[in-house]
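**Student:**
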Amino acid sequence: EAYLIEDGKKTAPVKGATLIGNCLDIIQNIDAVGDDLAFGPGICGKGQSAEVTCGQPTVRIRGINVGGTRARATT
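Letter by letter, the sequence shown follows residues 4 to 78 in this note's numbering.
1) Given residue 32, which residues of its chain have a CB within under 7 Å of its CB, disregarding the five upstream and five downstream residues?
2) Would you kindly check if the distance between the Cβ of residue 55 and the Cβ of residue 17 is under 7 Å?
3) Cutting at 6 Å between CB atoms, please list the residues of its own chain near residue 28, excluding the five before and the five after it.
4) If you check the beta carbons only, do residue 7 and residue 15 fall under 7 Å apart?
Here is the structure:
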């Protein structure tokens, strides 16, 4: 889930968001971390399935290239 931030405000959602760039550069450009840590279930499968859990809070990353389609605002 991703949203554009324009003039300091969260605006339109970005559908099918893909972060583009070097992993270390992206981590270094995190400038805000939310207090909304959430976990979700998943399955790791490489011939045998294993249940896993993954979690992260909302983060803001400055100056990142995002690929995707800007969603249209609904009224």
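Built from N, CA and C at the ideal position, the CB exists for glycine as well.
**Tutor:** Quick look at the numbers:
1) For the purposes of this step, residue 32 is taken as the residue at position 29 of the sequence shown. Counting only Cβ-Cβ distances below 7 Å, and skipping sequence neighbours, we find 64, 65, 66 and 67.
2) For this step, residue 17 is matched to residue 14 along the sequence shown. For this step, residue 55 is matched to residue 52 along the sequence shown. Residue 17 is not a Cβ neighbour of residue 55, given a cutoff of 7 Å.
3) Within the sequence shown, the letter at position 25 stands for residue 28. Hits under 6 Å: none found.
4) By 1-based counting over the sequence shown, the position of residue 7 is 4. By 1-based counting over the sequence shown, the position of residue 15 is 12. Result yes, Cβ atoms of residue 7 and residue 15 sit closer than 7 Å.
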